[in-house]
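Presented below is the structure to which this report refers.
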Amino acid sequence: ETGVTQTPRHLVMGMTNKKSLKCEQHLGHNAMYWYKQSAKKPLELMFVYNFKEQTENNSVPSRFSPECPNSSHLFLHLHTLQPEDSALYLCASSRRGDRFNGYTFGSGTRLTVV
Amino acid sequence: AQKITQTQPGMFVQEKEAVTLDCTYDTSDQSYGLFWYKQPSSGEMIFLIYQGSYDEQNATEGRYSLNFQKARKSANLVISASQLGDSAMYFCAMGRNTDKLIFGTGTRLQVFP
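So this is what it looks like as structure tokens:
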């Protein structure tokens, strides 16, 4: 399978639940990213991983916890979320320094917190 | 701080016509890249085109071209010969190489027959 795959595509969770979003890429990329996309707002960078090491945490609340066990997989663990966390969560990957091909994005997980 | 501004929340264009989507940016970096992405209703962001700050020629990729005016800090996307399948959200983004891209708020393009 090629490209960036995100699961699940849709998720509804209560504020006390714990869930995880998964992202997988088979492109040989060495950088992976989590973005949050809310309505009428620019995409917000959440986390950056380069060669499995977290290199950016963009002041994200601790109720979001990323995990990158290897360069092909990225998780976003969620717990005690708030309704304002409802959004489309996009995962992306890139070959660090390969600007000509940009990021490859997954289709996102549409998260609804109730 | 870096910033991307897309002032057109929505644009309409007739099929087969050309359309320009505006993007202005602000950065103190000397070396940077500008990117355009398309997001159809399925949600996936699709990379369209890249322009480097030191590139002297405007980037082109098929029907997409980037009108880069460095002094004005603008990087407008031109889509020629619009097709119905071009209807989508379009995002302008900026970053050093591919590190930490920041995105604008997007422009919704609708192509009508």
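As they're listed, the protein sequences go chains A and B. Under this note's numbering, the first residue of the first sequence is numbered 58, with each subsequent residue one higher. Under this note's numbering, the first residue of the second sequence is numbered -8, with each subsequent residue one higher. Ideal placement from N, C-alpha and C gives every residue a C-beta, glycine not left out. Just so it is clear, the structure is predicted and the values come from calculations on it, not from any experiment.
Distance CB(residue i)-CB(residue j) smaller than 8 Å
i: Tyr90 of chain A; j: Tyr160 of chain A; result: yes
i: Leu145 of chain A; j: Gly165 of chain A; result: yes
i: Leu102 of chain A; j: Glu113 of chain A; result: yes
i: Tyr55 of chain B; j: Leu39 of chain B; result: yes
i: Glu100 of chain A; j: Asp142 of chain A; result: Just to set this straight, residue 100 of chain A is Leu in the shown sequence, not Glu. No; because the gap between Cβ atoms is not below 8 Å, this pair is not in contact.
i: Val171 of chain A; j: Gln139 of chain A; result: no
i: His136 of chain A; j: Lys75 of chain A; result: yes
i: Phe104 of chain A; j: Pro123 of chain A; result: yes
Backbone CA spacing between residue i and residue j [nearest angstrom]
i: Arg66 of chain A; j: Cys125 of chain A; result: 20 Å
i: Ser150 of chain A; j: Gln5 of chain B; result: 34 Å
i: Leu147 of chain A; j: Lys93 of chain A; result: 6 Å
i: Ser22 of chain B; j: Met72 of chain A; result: 43 Å
i: Ser73 of chain B; j: Leu57 of chain B; result: 15 Å
i: Glu121 of chain A; j: Glu35 of chain B; result: In the sequence under discussion, the amino acid at residue 121 of chain A is Phe, which differs from the Glu named in the question. The straight-line gap from Cα to Cα measures roughly 22 Å.
i: Lys61 of chain B; j: Ser44 of chain B; result: 7 Å
i: Val61 of chain A; j: Glu47 of chain B; result: 32 Å
i: Lys79 of chain A; j: Ser71 of chain B; result: 37 Å
i: Thr64 of chain A; j: Glu81 of chain A; result: 9 Å
i: Val10 of chain B; j: Ser32 of chain B; result: 20 Å
Contacts around residue i, its chain only, beta-carbon distance under 7 Å, and the 5 residues preceding and following it disregarded
i: Thr96 of chain B; result: Gln(-3)
i: Glu58 of chain A; result: Bear in mind that the predicted position of Glu58 of chain A carries a pLDDT of just 47, short of 50, making it too unreliable to give a figure here.
i: Pro0 of chain B; result: Thr98, Arg99
i: Phe3 of chain B; result: Gln101, Phe103
Cut-off 8 Å between Cβ atoms - residues of its own chain near residue i, not counting five sequence neighbours on either side
i: Cys14 of chain B; result: Ile(-5), Thr(-4), Gln(-3), Leu25, Trp27, Ser65, Ala66, Asn67, Leu68, Cys83, Gly95
i: Gly154 of chain A; result: none
i: Ile93 of chain B; result: Gln(-7), Lys(-6), Ile(-5), Ala84, Met85, Gly86
Beta-carbon contacts of residue i that lie in its chain and below 6 Å, excluding the five residues immediately before and after
i: Ser77 of chain A; result: Phe132, His134
i: Leu12 of chain B; result: Leu68, Tyr81, Thr98
Which residues, in order along the region 77 to 102 of chain B, keep a beta-carbon less than 9 Å from a beta-carbon of chain A?
-> Contact residues of the region 77 to 102 of chain B toward chain A are Phe82, Ala84, Gly86, Arg87, Asn88, Thr89, Asp90, Lys91, Leu92, Ile93, Phe94, Gly95, Thr96, Gly97 (C-beta to C-beta distance below 9 Å).
For the region 29 to 51 of chain B, enumerate the residues whose C-beta is nearer than 9 Å to any C-beta of chain A, in chain order.
-> Within the region 29 to 51 of chain B, the qualifying residues are Gln30, Ser33, Gly34, Glu35, Met36, Ile37, Phe38, Leu39, Ile40, Tyr41, Gly43.
Would you say the region 71 to 88 of chain A touches the region 76 to 84 of chain B, given that touching needs at least three Cβ pairs under 8 Å?
-> Because the criterion of three Cβ pairs below 8 Å is not met, the region 71 to 88 of chain A and the region 76 to 84 of chain B do not touch.
Closer than 7 Å, Cβ to Cβ, to anything on chain B: give me those residues from the region 58 to 80 of chain A, in chain order.
-> Of all residues in the region 58 to 80 of chain A, none comes within less than 7 Å of chain B when Cβ atoms are compared.
Output, in sequence order along the chain, the residues in the region 79 to 105 of chain A whose CB is closer than 9 Å to any CB in chain B.
-> Within the region 79 to 105 of chain A, those residues whose Cβ lies closer than 9 Å to any Cβ of chain B are, in chain order, Ala88, Tyr90, Tyr92, Gln94, Lys97, Lys98, Pro99, Leu100, Glu101, Leu102, Val105.
Taking any Cβ of chain B, which residues in the region 114 to 126 of chain A have a Cβ under 8 Å from it, in chain order?
-> Within the region 114 to 126 of chain A, no residue has a Cβ lying closer than 8 Å to any Cβ of chain B.
Mind listing which residues of the region 130 to 161 of chain A have their C-beta closer than 9 Å to chain B's C-betas, in chain order?
-> Residues of the region 130 to 161 of chain A with a C-beta less than 9 Å from any C-beta of chain B: Leu145, Leu147, Ala149, Ser151, Arg152, Arg153, Gly154, Asp155, Arg156, Phe157, Asn158, Gly159, Tyr160, Thr161, listed in chain order.
Interface positions of the region 7 to 29 of chain B facing chain A (Cβ-Cβ less than 8 Å), listed along the chain | Listed by position, the residues of the region 7 to 29 of chain B near chain A (Cβ gap below 8 Å) are Gly24, Phe26, Tyr28.
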